[in-house]
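J.:
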Amino acid sequence: MEIPTIVGAGLIVIGAGLGIGKIGGSAMEAIARQPEAAGKIQTAMLIAAALIEGIGFAALFAA
Amino acid sequence: MEKLIEEFSFGLFIWQTVIFVGLVLLLKKFAWKPILDAVNEREEGIKGALEAADEARKELQNLNADNEKLIKEARAEREVMIKEARELKEKMIADAKGQAKAEADKLVAQAQETIESEKKAAVADIKKQVAELSIAIAEKVIKEELSNSSKQDQLVSDLVKDIEIN
Amino acid sequence: MSKALNMKFFSLALVFFASISFATANTSSDSSDGEKDLKTEINEYIQHHLQDSYDFSLYSYTNSEHEHVYIGFPLPVILWDNGLQVFSSSKLHHGDAIAEVNGNYYALIHGKIYKGEAGVSIDQMKEALEHDHHAYHKIMNDFSITKSVVMMLLTGLLMFWLFSSLAKSYAKNKGIPTGFARIFEPIVLYIRDDIAEPNIGPNYKKYMSYLLTIFFFVWFLNLFGLTPLGVNVTGNIAVTFGLALLTFLITNLTGNKNYWGHIFWMPGVPVPMKILLAPIELLGVIIKPFALMIRLWANMSAGHIVLMSIIGLMFIFHSWLGSSLSFLLSFVLAILELLVAALQAYIFTMLSALYFGFANEEAHH
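Sequence lines, in order, name chains A, B and C. Taking my numbering, the leading residue of the first sequence gets 548, the next gets one more, and so forth. Taking my numbering, the leading residue of the second sequence gets 5, the next gets one more, and so forth. Taking my numbering, the leading residue of the third sequence gets 1371, the next gets one more, and so forth.
Structure, rendered in structure tokens:
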């Protein structure tokens, strides 16, 4: 039985979504703990999210 | 993925690169450099102004400190002067007092001396006068006593009697 | 501003789809399955919108004689095929007929120009291509001024006018921002102070022009994608490839000894690891700009597809509730897309700055 690529795409999206969600959640916690570092945390969060997103896209187009 | 490569338009890529690189170079010359320079200059200006203000404040503080020091010094000097003056005054008073006392003592002594001498003179005078008076009285008494011969005789006899003892 | 933009967008989007529903009203008369036709039509419309086109069409409709009527203006087609061939895109007839230029035949099929032959109609060509993809060859050296190129030129002109007048206003007002500068100066300063300087370090000045241009270029093009002009420049893989390639070239051309050292001979790890890490790091050099390219392209394309699909849903739902709900949803999504437009420009600039930072990092071991 062949698994359709759309399933793989779905898995990729789930994985990337979980990863970005984790980053977002952790960033929120970090900001709550240290509101004065909000700017730096946001930047780091965006970079990390963008990197995961990039890998997600790459995999999505390979699928 | 194949669809992406299929869709890739080489011409569009060339145009985009040419337009974008041209835009970067043009904007660099006509926009970004002047804008960033202007912003930089302004920031430097603000920084300079702030630094100048800081310096001025520091200077003012220094000046204030100097003033305070001067005032302190002046105050200390004044105190010293007042103290000296007071000491001087006291010394002067003391001196004056001493002098006055000495003078007074001297005067008193002189006065006492004068009084003493006056007294002595007066006493002498009185003595003299008493003597003179006594002599006068004695003269008168003697004159009275020796006014008649009987009495003279009696005296002589009395005197002779006294001599006899000797 | 964004509200007005959205309202404009929606009113024009409604005009777009009103024309589609009009068209389907015609086609559904001779088709038994009207619902399916509408869906395919919307799908085709979205696919068509995502692609670059050879003419600047604002909208199109099908008239009562079942002819497609296009409202817009043609653009020059420039091909390098047996010499330079320049002709107006109106000759391509939007893919309805073959253009004959100096004895060469060109056909527009699925948004690409194919070289045809004398005496073969476009429908025959299409059919031949269906069976065999290599029946006719695609023109590779195609330097046409397409809709995307026009939009890039316009954006370039707009940016040049905007920022050079801004620079002049600084000179005139002795460095005090007025008017437009009040809006753009904070962004310029943000890019300098929060993107370039912390990520690149003390050498950030030489990258400023590139970062500023790329931020505004991508942002403006993303925003134009949301206007009713119906352009999708940053959702085009060739455009994002060009941008990512420049970041790649600048990163590697300005890379210092430390940067290359980290790639080929990672310091601080044992020798077998060094050998193992070199190909991975080298792959990373390619993957980083690749991800940059894919990210912008996918975000913008996905945004357009989703937004247009939701707008299309309005016409598929035949109920009052469904249509108004999808209208509401598309409104919310359009606002989200405005955010995404800025966010993707920011991320592209940010990651470019980060890569330049890697290239400029000094050894600190």
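In this text, a Cβ means the ideal position worked out from N, Cα and C, and glycines have one as well. Remember, it's a predicted structure, so these values are computed and weren't measured experimentally.
Among the candidates C:D1425, C:Y1424, C:I1441, whose CA atom is the shortest distance from the CA of Y1431 (chain C)?
T.: If we check each option's Cα against that of Y1431 (chain C), C:I1441 comes out closest.
J.: Span of the alpha helix (DSSP H) holding I1557 (chain C)?
T.: First-last of the alpha helix (DSSP H) with I1557 (chain C): 1550-1560.
J.: How about M1678 (chain C) and H1436 (chain C): do their beta carbons lie closer than 8 Å?
T.: Their beta carbons are not under 8 Å apart, which means M1678 (chain C) does not touch H1436 (chain C) by this criterion.
J.: So what does DSSP say about I578 (chain A), is it helix, strand or coil?
T.: Looking at I578 (chain A) - three-state DSSP - the assignment turns out to be helix.
J.: If you reduce the DSSP assignment to three classes, tell me which class Y1506 (chain C) lands in.
T.: Coil.
J.: Just how far apart, CA to CA, sit G1453 (chain C) and I1553 (chain C)?
T.: When rounded, the distance between both Cα atoms is 48 Å.
J.: Using the DSSP secondary-structure output, state which residues sit across from Y1475 (chain C) in a beta bridge.
T.: Note: Y1475 (chain C) sits in a beta bridge opposite C:E1470, C:G1486.
J.: Considering I130 (chain B), what are the terminal residues of the alpha helix (DSSP H) in which it resides?
T.: Segment 37-149, the alpha helix (DSSP H) holding I130 (chain B).
J.: With a CB to CB cut of under 8 Å and the five nearest residues on each side skipped, what residues in its chain are close to M1332 (chain C)?
T.: Absent from the model: residue 1332 (chain C). The displayed extent of chain C is 1371 to 1735, so no value can be given.
J.: Look at the alpha carbon of I1515 (chain C) and the alpha carbon of K33 (chain B), and state the distance between them as a whole number of angstroms.
T.: The alpha-carbon atoms of I1515 (chain C) and K33 (chain B) are separated by roughly 26 Å.
J.: Leaving aside the five residues before and after S1399 (chain C) along the sequence, list all residues of the same chain whose C-beta is less than 7 Å from its C-beta, in chain order.
T.: Interpretation of S1399 (chain C) is limited by its pLDDT of 38, a score under 50 that renders its predicted location unreliable; no figure is taken from the coordinates.
J.: Can you give the Cα-Cα distance for T1394 (chain C) and L1691 (chain C), rounded to whole angstroms?
T.: Interpretation of T1394 (chain C) is limited by its pLDDT of 39, a score under 50 that renders its predicted location unreliable; no figure is taken from the coordinates.
J.: Beta strand (DSSP E) containing H1438 (chain C): first to last residue?
T.: Unbroken beta strand (DSSP E) run through H1438 (chain C): 1438-1444.
J.: According to the neighbour-count rule (16 or more other Cβ atoms, all chains shown, within 10 Å of its Cβ), is G564 (chain A) buried or exposed?
T.: With fewer than 16 other Cβ atoms within 10 Å, it is exposed.
J.: Mind checking if I1650 (chain C) is an interface residue toward chain A, Cβ cutoff 8 Å exclusive?
T.: Judged by the 8 Å Cβ criterion, I1650 (chain C) is not in contact with chain A.
J.: Using a cut-off of 9 Å between C-beta atoms, extract the partners of D1512 (chain C) located in chain B.
T.: Simply S13, F14, G15, L16.
J.: So the beta strand (DSSP E) Q1352 (chain C) belongs to, where does it begin and stop?
T.: There is no way to answer for residue 1352 (chain C), as the model of chain C reaches only from 1371 to 1735.
J.: Kindly identify the DSSP beta-bridge partner or partners of Q1455 (chain C).
T.: Answer by DSSP bridge pairing, in chain order: C:L1449.
J.: Is the CB-CB distance between V1655 (chain C) and L1647 (chain C) below 8 Å?
T.: Taking 8 Å as the Cβ cut-off, V1655 (chain C) and L1647 (chain C) do not qualify as a contacting pair.
J.: List the residues of chain C that I559 (chain A) touches, going by C-beta distances under 8 Å, in chain order.
T.: Within chain C, no residue comes near I559 (chain A); the closest Cβ sits about 12 Å away, beyond 8 Å.
J.: Give me the Cβ distance between A574 (chain A) and I588 (chain A), rounded to the nearest whole Å; I'm assuming they're in contact under 8 Å.
T.: Correct: roughly 5 Å between the Cβ atoms.
J.: Along the alpha helix (DSSP H) that carries L1646 (chain C), what are the first and last residues, could you check?
T.: That run of the alpha helix (DSSP H) goes 1641-1686.
J.: For Q65 (chain B), would you say it is in contact with chain C, using Cβ-to-Cβ distances shorter than 8 Å as the test?
T.: Chain C, which has no Cβ nearer than 8 Å to the Cβ of Q65 (chain B), makes this no.
J.: Could you please give me the residues that DSSP links to T1432 (chain C) through a beta bridge?
T.: Note: T1432 (chain C) sits in a beta bridge opposite C:H1438.
J.: Comparing the C-beta of L1523 (chain C) with each C-beta of chain B, is any distance below 8 Å?
T.: L1523 (chain C) counts as touching chain B.
J.: How would you label W1450 (chain C), buried or exposed, when you count the other beta carbons within 10 angstroms and need 16 or more for buried?
T.: With fewer than 16 other Cβ atoms within 10 Å, it is exposed.
J.: Could you check if N1669 (chain C) is buried or exposed, using at least 16 other CB atoms within 10 Å of its CB as the buried criterion?
T.: Under this definition N1669 (chain C) is a buried residue.
J.: Please work out which residues of its chain come closer than 8 Å, Cβ to Cβ, to F1550 (chain C), disregarding the five sequence neighbours upstream and downstream, and give them in chain order.
T.: Cβ neighbours of F1550 (chain C) beyond the five flanking positions: L1532, S1535, L1536, S1539.
J.: Kindly list, in the order they appear in chain C, the residues whose Cβ is closer than 7 Å to that of G555 (chain A).
T.: None at all; the shortest Cβ gap to chain C is about 16 Å.
J.: Is the Cβ of A1668 (chain C) closer than 8 Å to any Cβ of chain A?
T.: It does; some Cβ of chain A falls within 8 Å.
J.: Among B:G52, B:E47, B:N152, which residue has its Cα nearest to the Cα of I1546 (chain C)?
T.: I1546 (chain C) has its Cα closest to that of B:E47, out of B:G52, B:E47, B:N152.
J.: What residue range does the alpha helix (DSSP H) around E583 (chain A) cover?
T.: Careful: E583 (chain A) lies outside any alpha helix (DSSP H) and carries neither H nor E.
J.: Report yes or no: do three or more beta-carbon pairs, one from the region 1567-1577 of chain C and one from the region 1681-1697 of chain C, lie closer than 8 Å?
T.: Result no; under three Cβ-Cβ pairs closer than 8 Å.
J.: Grouping DSSP H, G and I as helix and E and B as strand, with all else coil, what is S1427 (chain C)?
T.: Note: S1427 (chain C) maps to strand in three-state DSSP.
J.: Using DSSP with H/G/I as helix, E/B as strand and the rest coil, what is D1422 (chain C)?
T.: D1422 (chain C) falls in the coil class under three-state DSSP.
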